[in-house]
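I have placed the structure first, in the form of C-alpha cells, so that the comments after it can refer back to it.
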Amino acid sequence: MKRITIYALLILMIGSVSACKQKPKKDDNNDVKQEMKDVTQSMNQTLEQKKADLKSKAQELLDQTNQKIDQLKAKMDNQSDKLSEDKEEALKKLETQRDKLQSDLDQLNDQTKEQWEEFKTQFNQDMNNLNQSVKEFFDNDK
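Shown next, in the form of C-alpha cells:
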C-alpha cells in the first residue's frame, strides 16, 4: 500500500512538472499566426524590391533606346539623306519593341507573386532582344 501511495505521488509530481512547461495552445496559435504574417510581409517586401529593381533597370534601357532613336531621327531631319527601306523598317521594329516593353513595364506592379517569375523571365528576354536589336541597328549604321 505504501508503494502505491509513493507511485501515485510520483505520478502526480511528474504530471504537474510536465504541465508547467506547456504553454496554452491559444498562445501557440497566436505565435504561429504572427510568424506567418511576418514571413508574408517579408516576402511581399522582397517582391516589391525586386519589382523596383527591374523597373529601374528597364527604364534606364528604355531611356537609352529613346535617346538613340531621337538622335537618329534628328540626324535624318538635318540631312538630305533618307534611310533605306530596310533601315526604316528596322527603325519601326525598334520603336514597336520599345513601346511593347514600356507597356509591359507599366503593368509591372499588377503582377502577383505567382505571376512574378514568368513575367520577369519574359520581360528580361524582351529587354535583351530590344538591346540586341538596338545594338545591331546602330552597328550596321556605321
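Quick note on numbering: the sequence shown equals residues -19 to -1, 1 to 123 in mature numbering (1 follows the signal peptide of the UniProt record, and there is no 0).
Backbone N, C-alpha and C fix where the C-beta goes; we use that ideal spot for every residue, glycine too.
Since the structure is predicted, the reported quantities are computational estimates derived from the model, not experimental observations.
> Between leucine 89 and leucine 43, which are expected to be in contact by the criterion C-beta below 8 Å, what is the C-beta distance as a whole number of angstroms?
Replying inline: Not quite, the Cβ-Cβ distance comes to about 12 Å (not below 8 Å), so this is no contact.
>> With H, G and I counted as helix, E and B as strand and the rest as coil, what does DSSP make of threonine 93?
In response: Three-state DSSP puts threonine 93 in coil, outside helix and strand.
> Sorted by chain position, which residues of the same chain lie with C-beta nearer than 7 Å to valine 115's C-beta, five sequence neighbours on each side aside?
Replying inline: Thr46, Lys49 and Leu75
>> Which residue marks the beginning of the alpha helix (DSSP H) containing serine 84, and which one marks its end?
In response: Serine 84 -> alpha helix (DSSP H) spans 66 to 87.
>> When you compare the CB positions of aspartate 107 and aspartate 85, do they come within less than 8 Å of one another, or not?
In response: Yes.
> For alanine 33, is the classification buried or exposed, using 16 other Cβ atoms within 10 angstroms of its Cβ as the cut-off for buried?
Replying inline: Per the 10 Å Cβ criterion, exposed.
> Is it right to say alanine 55 is buried, meaning 16 or more other beta carbons lie within 10 angstroms of its own, or is it exposed?
Replying inline: Exposed, because fewer than 16 other Cβ atoms sit within 10 Å of the Cβ of alanine 55.
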